[in-house]
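Colleague:
Residue numbers (the UniProt record's numbering), protein chains in the order written: chain A, 1 to 697; chain B, 1 to 697.
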């Protein structure tokens, strides 16, 4: 490899000549790709070549090359055997060298031609890992940066590091600049934890021109803030002496007969579920065509057409500049796929694991593989059901399982784990786990951390923030045409002592149809235990007489604390509500816009529509093909326990079957135990499972 | 065993002569009991003997014989080496045969004498399994019951079953009767699911006199409702043909080097935690003296003095009599300990399990063992922490563990699993799992289930209900004297565009001290993400300058839907709030009163004080020994998937360290993986863990 060739940590980049290797051969998919399969290591450079030739003599940088999913109608027709296989297409965002012109390109790989080329204005595309690499490289040699470091006694620039972030908002420049900011840190040694040494200045750069635009020192009472120098480490080379190696005995999780799931290409089946697993630079994992076998109707019933995390925002709550610029949109500004970790067995995933690789693109249009990007495994999930007849001890119980499709991303300091989970009772849950490093800033001796942060180590301030995720679900509840009802638990309308409610205990569930997209922009209500029903009004459960339903259970959806009219409130408008519902339209996916970097949240941007624009069309969402955006997350007031590295904190959202199946859909699961314990014996007869206490104490 | 001797399913009763057996020998604890250990199979009959002799010639029935925990000051002095070991004492509630007089008795087992005998009036004690056995036995032969059955064509009384319930409320009788009600069901055969055949009448009985007081037929439009006869079964003998035995491959969970916890008597230590595990007839599991080793201060720091579930209520939402009577207080009216299942390996608990037995008492004052009442085991808990340096892929991650102390109870139709969980980051969580059978009732052809229920099978109505649990925590956050603050997330007080909040992103946490017990009777607020901080105001985290804290995270606390002034609102007053805090007083434990059966919720009952009475004293709860009652649960609108047996539904509450430790308390956990992945190698060097994909597809 040539010394100046780009490397990206965690990526295996394929260049010309690499394709003859054995490892490449094992990575080239066999057979015809499923229409939703991510682009392969062959298709990406093929697309790049087509696009380069089309654009010639313009020199292009590829911001992304990703699958152009077929239009829903075309794909559905193919699946139903009514139409031929859709062509394979790539979607690319390119940036023209020199002019910085951004264009959206669609290349047809089946027909080897560019089909669409659309130039877009007043947008800033996703900052890739290569883009974010710029600031550290150019800042270290910039005289203004060097001077800023000297001002606090730092002269060895090899010890100064910059985490590249999207700019958030900075009124000094517009779209004529492709901006990023660098948060500055110091390290005493190569692996020293830099978040223990945050510096008191930030840097703004133009990514394309590789220019430092500004070095902004934050003076406090006219003074500089010295870098906190005490180390706070967590890597073994620093704290290995403190490990208690004998305290935890190993737990082995094995599946000696293999796993219960099958994977054919990227199609996964497990315990009656079937689905397709996709992956792309922006959403990471995409789960499509989820259906479940109904044991009573003996047919596969559709549940969800498509599930993915389409945006997230981490707004910080310190109003003092430049901290107001910290509100990272990790999906839209950086790309969840791009930031995905390569997972390792035993460390990230335990048990019998199946991995899938992620295939990304580089700025040069090369394919880059993230080995083991996606982990697929099943886990025991405790009790599925149990009942004992108290009279004689007759008992039956069965155990539940969960199937987990997961990825972990690193967004500079933070780690996020995404755990898409299915259980045997038909429930889907997305669990997020938050870990990694708090964002930190240095404190001047005259300052205190409160009220906008916590001093998590001497003179190190971790600012308050929120983590708000947007889960996009295109439901297909037993068919394409669905509706949404809001479901509120209410006390009886009648007074205590009235004939209708004499003892005062009456309560019921009020269902409010959400008929248009504006009506559906709703929030959680604790007092009524609000949930939302995604129904198929054309399919009535013949037993309960209610429409077949999947219920959205989402009570972990904190209100957006940035005030109405604030920058965050505008840019992260999706986070104003726990739910949005709009009619399905091809390629309307990203609720904060296709181009989140430097966005203002303005309504009706010609190239950057958001969920607000779609909802404002105020179309009917009744008995039609709809899409739901569900927001959830948490508010984080840092604590000392989060430093120097955060214990993983979980937060989740669920969708559960509700009158979808005519009875418990998991009665096919053989029980773990059946014991008939008759009173006359007053002891436990031979159980169907061995009774042994295998602990050694 | 004599043929007419009481048997109770799941109990191994010890009678005279049984104590010479080998199994008895293995059950008699060795050594001196810990002062909080449950009474042994020797102590219970010893207490019964003392009390019988004291009361002679009165003939007694023992409603309970349980440990009389030592007064807190006495126990603390003993633990600190300042006082001798407290005497072993038994607390018993007795019912005098004939008069029905109830008395509370304290017997000193160390000194072999009765120390206290207090008669109590206008109370009805817990209904034991023996008590609840009465109604089925006497109803089957009662002429009015037989007639009621004939009216719907049922003549074989051996096929009619009655689940005994507390009465809830019935104005026809007062405390002169010790009431229970029987909900009637039919079975086609011995193991047929009776909840598929609910009958349209209920029975009220006097438990002591074993008399049927009333048979109440619920006419609909003047007609009887025929019993639904279609079977809806879930036992293998009925549905075994439908099991898919090959669909799920086994998952083996083993600990070849043994478990990480040690149990000495009933004292448990694990991963730096230490605690005592108790058990009694009413609360089930009691966890005492929880402390955790602080690796930085190198000392054991106290967390919680005592944790247990002290009440729960399941109020049904159908206002039509007799359904208003359904609001079971499973702790207070029946006793969680009494209803505890005997657990079996592989079925209820998986992995390397340590079991503890529960020791109950019978009406005759005998000891009865519930084998394997409590399950103790550890589980992998996924990621503890992870961080990757995006520059070069340097990564470290460690895995979390959870310790689970659990029991499962059967409350007639319902099953409840109680999972007390500790994790390595210092978090305590109580997770409840709800499974078993919905309560069902029959529907007349002219009726519909809505709005107060769901038709879960043809003509079978499952009524709306709530499950509300009360977790009592006596905190000892690094010391005895604690306070509580209410914690609300608020947007900045300043407007967008103001100097203090120019960009409008500011937000902070408002802490409101709760100074008295009335101030502390609070509820959840979703809009402010409310949580509560239990603090030690005398111990300030030297780094964050905040008092050491354990934070109550409880957003699963539905409001009580029974209206103010209703029977449920009065009797289950504890459920009106998500939190109550009162000063500690010995033996003030049960928030719905010591005597819940037939209670009215009246304030200031001489023998039956409730949390409302304690809170109304409006004492200071600042910087003193306090007790917290935390209510959580869920509102259940039944769905067809819950029938004929419910997939387990979880609901939980947590307490997390917050500025309690000076940094992440789990850095002693050796990492699962450390990889230095330098860019120059662009591949993954030898990892410290084997990379293998062990799935077979």
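For each residue, glycine too, the CB sits at the ideal point set by N, CA and C.
Between which two residues does the beta strand (DSSP E) carrying residue 475 of chain B extend?
Modeller: As a working note, residue 475 of chain B is residue 475 in the second chain. Start and end: 465–475.
Colleague: Determine, using beta carbons only, whether residue 253 of chain A comes closer than 8 Å to chain B.
Modeller: Position 253 of the first chain, counted from the start, is the residue given in the question as residue 253 of chain A. So yes, residue 253 of chain A belongs to the interface.
Colleague: Quick one: does residue 579 of chain B have its CB under 8 Å from some CB of chain A?
Modeller: Here residue 579 of chain B is taken as the residue at index 579 of the second chain, counted from 1. For residue 579 of chain B, the answer is no, since every Cβ of chain A falls outside 8 Å of its Cβ.
Colleague: Does the region 283–292 of chain A touch the region 333–342 of chain A, meaning 3 or more C-beta pairs lie closer than 8 Å?
Modeller: With the cut-off at 8 Å, the region 333–342 of chain A and the region 283–292 of chain A touch.
Colleague: Quick one: which unbroken alpha helix (DSSP H) runs of 4-plus residues sit fully inside the UniProt domain "Copper amine oxidase N2-terminal" (34–118) of chain A? Chain order, please.
Modeller: Qualifying alpha helix (DSSP H) stretches, in chain order: 43–55, 72–79.
Colleague: Check whether the Cβ of residue 332 of chain B sits closer than 7 Å to any heavy atom of the ligand MN, and report yes or no.
Modeller: Among the components modelled here there is no ligand, and therefore nothing to report on the ligand MN.
Colleague: Is there a Cβ of chain A sitting closer than 8 Å to that of residue 180 of chain B, yes or no?
Modeller: For the purposes of this step, residue 180 of chain B is taken as residue 180 along the second chain, with counting starting at 1. For residue 180 of chain B, the answer is no, since every Cβ of chain A falls outside 8 Å of its Cβ.
Colleague: May I ask you to list, following chain order, the residues of the region 487–502 of chain A that have a beta carbon less than 7 Å from some beta carbon of chain B?
Modeller: Answer in chain order: 489, 491, 492, 496, 500, 501, 502.
Colleague: Let's test the definition: count the other Cβ atoms within 10 Å of the Cβ of residue 362 of chain A and tell me whether it reaches 16, buried, or not, exposed.
Modeller: Locating residue 362 of chain A in the first chain gives position 362, counting from the first residue. With 16 or more other Cβ atoms within 10 Å, it is buried.
Colleague: At what residue ranges does the region 611–652 of chain A contain a whole run of the beta strand (DSSP E), taking only runs of 3 or more?
Modeller: Counting only runs of 3 or more, we get 626–636.
Colleague: When the Cα atoms are used, what is the spatial distance from residue 625 of chain A to residue 480 of chain A?
Modeller: The sequence position of residue 625 of chain A within the first chain is 625, counting from 1. The sequence position of residue 480 of chain A within the first chain is 480, counting from 1. One C-alpha to the other measures close to 6 Å.
Colleague: Taking only the alpha-carbon atoms, compute the straight-line gap between residue 472 of chain A and residue 616 of chain B and give it to the nearest angstrom.
Modeller: On the first chain, residue 472 of chain A is found 472 positions in, with the first residue counted as 1. On the second chain, residue 616 of chain B is found 616 positions in, with the first residue counted as 1. One C-alpha to the other measures close to 48 Å.
Colleague: Would residue 687 of chain A pass as an interface residue toward chain B - the criterion being a Cβ-Cβ separation below 8 Å?
Modeller: Counting from one through the first chain, the residue named residue 687 of chain A turns up at place 687. Bear in mind that the predicted position of residue 687 of chain A carries a pLDDT of just 34, short of 50, making it too unreliable to give a figure here.
Colleague: Below 8 Å between beta carbons: does that hold for residue 427 of chain A and residue 401 of chain A?
Modeller: Residue 427 of chain A sits at position 427 when you count from the first residue of the first chain. Residue 401 of chain A sits at position 401 when you count from the first residue of the first chain. Their beta carbons are not under 8 Å apart, which means residue 427 of chain A does not touch residue 401 of chain A by this criterion.
Colleague: Are the Cβ atoms of residue 167 of chain B and residue 306 of chain B separated by less than 8 Å?
Modeller: Within the second chain, the letter at position 167 stands for residue 167 of chain B. Within the second chain, the letter at position 306 stands for residue 306 of chain B. No, the pair does not count as a contact, with Cβ atoms beyond the cut-off.
Colleague: Out of B:77, B:6, B:93, which has the shortest C-alpha to C-alpha gap to residue 52 of chain B?
Modeller: The residue labelled residue 52 of chain B in the question sits at position 52 within the second chain. It is B:93 whose Cα lies nearest to the Cα of residue 52 of chain B.
Colleague: Are the region 524–535 of chain B and the region 430–446 of chain B touching by the rule of at least three beta carbon pairs closer than 8 Å?
Modeller: Counting Cβ pairs under 8 Å, fewer than three are found: no touch.
Colleague: Is the Cβ of residue 646 of chain B closer than 8 Å to any Cβ of chain A?
Modeller: Indexing the second chain from 1 puts residue 646 of chain B at position 646. Output row for residue 646 of chain B: interface = yes.
Colleague: Assign residue 705 of chain B to one of three DSSP states: helix, strand, or coil.
Modeller: No answer is possible for residue 705 of chain B: it lies beyond the span of chain B, which begins at 1 and ends at 697.
Colleague: Can you give the beta carbon distance from residue 249 of chain A to residue 259 of chain B, rounded, assuming they're within the 8 Å contact cut?
Modeller: Numbered from 1 along the first chain, position 249 holds the residue referred to as residue 249 of chain A. Numbered from 1 along the second chain, position 259 holds the residue referred to as residue 259 of chain B. 6 Å between Cβ atoms; contact.
Colleague: Would you call the region 137–157 of chain A and the region 104–123 of chain A in contact, with 3 or more CB pairs under 8 Å?
Modeller: The region 137–157 of chain A is not in contact with the region 104–123 of chain A.
Colleague: Candidates A:149, A:668, A:378, A:64: which alpha carbon is nearest residue 39 of chain A's?
Modeller: Start at 1 with the first residue of the first chain, and residue 39 of chain A comes out as number 39. When each option's Cα is compared against that of residue 39 of chain A, the closest is A:64.
Colleague: Could you have a look at residue 247 of chain A and say whether DSSP puts it in helix, strand or coil?
Modeller: Residue numbering aside, residue 247 of chain A sits at position 247 when the first chain is read from its first letter. Residue 247 of chain A falls in the coil class under three-state DSSP.
Colleague: In the DSSP assignment, what residue or residues form a beta bridge with residue 698 of chain A?
Modeller: Shown here, chain A extends from 1 to 697; a query on residue 698 of chain A therefore has no answer.
Colleague: Under 8 Å, do residue 537 of chain B and residue 623 of chain B count as touching if we go by C-beta distance?
Modeller: To locate residue 537 of chain B, count along the second chain from 1; it is residue 537. To locate residue 623 of chain B, count along the second chain from 1; it is residue 623. In this structure, residue 623 of chain B lies closer than 8 Å to residue 537 of chain B by Cβ.
Colleague: Pull up the DSSP beta-bridge partners for residue 411 of chain A, would you.
Modeller: Numbered from 1 along the first chain, position 411 holds the residue referred to as residue 411 of chain A. According to DSSP, which records beta bridges pairwise, residue 411 of chain A is partnered with A:414.
Colleague: For a contact defined as C-beta to C-beta under 9 Å, what are the partners of residue 426 of chain B on chain A?
Modeller: Along the second chain, one-based indexing puts residue 426 of chain B at 426. Residues of chain A passing the Cβ test: 641, 647.
Colleague: Using the beta-carbon count (16 or more within 10 Å), is residue 222 of chain A buried or exposed?
Modeller: Taking the first residue of the first chain as position 1, residue 222 of chain A is located at position 222. Classification for residue 222 of chain A: exposed.
Colleague: If you drop the 5 nearest sequence neighbours on each side, which residues of the same chain put their C-beta closer than 6 Å to that of residue 208 of chain A?
Modeller: Counting from one through the first chain, the residue named residue 208 of chain A turns up at place 208. The residues are 100, 178.
Colleague: Is the CB of residue 552 of chain A under 8 Å away from at least one CB in chain B?
Modeller: The residue given as residue 552 of chain A occupies position 552 in the first chain. For residue 552 of chain A, the answer is no, since every Cβ of chain B falls outside 8 Å of its Cβ.
Colleague: Return the CA-CA distance between residue 482 of chain A and residue 584 of chain A, expressed in angstroms with no decimal places.
Modeller: Here residue 482 of chain A is taken as the residue at index 482 of the first chain, counted from 1. Here residue 584 of chain A is taken as the residue at index 584 of the first chain, counted from 1. Distance between the alpha carbons of residue 482 of chain A and residue 584 of chain A is about 11 Å.
Colleague: On the criterion of 16 or more Cβ atoms from any shown chain inside 10 Å, does residue 11 of chain A qualify as buried, or is it exposed?
Modeller: Here the question's residue 11 of chain A lines up with position 11 in the first chain. Classification for residue 11 of chain A: buried.
Colleague: Between residue 215 of chain A and residue 187 of chain A, what straight-line distance do the alpha-carbon atoms span, to the nearest angstrom?
Modeller: The count along the first chain starts at 1 and reaches residue 215 of chain A at position 215. The count along the first chain starts at 1 and reaches residue 187 of chain A at position 187. Rounded to whole angstroms, residue 215 of chain A to residue 187 of chain A spans 20 Å at the Cα level.
Colleague: Please tell me whether residue 597 of chain B has its Cβ less than 8 Å away from any Cβ of chain A.
Modeller: To locate residue 597 of chain B, count along the second chain from 1; it is residue 597. Chain A, which has no Cβ nearer than 8 Å to the Cβ of residue 597 of chain B, makes this no.
Colleague: Residue 380 of chain B by DSSP, collapsed to three states: which one?
Modeller: The sequence position of residue 380 of chain B within the second chain is 380, counting from 1. It is a strand residue.
Colleague: As a quick exercise: from A:465, A:470, A:609, A:600, pick the residue whose alpha carbon is nearest that of residue 638 of chain A.
Modeller: Position 638 of the first chain holds residue 638 of chain A. Per the Cα distances, A:465.
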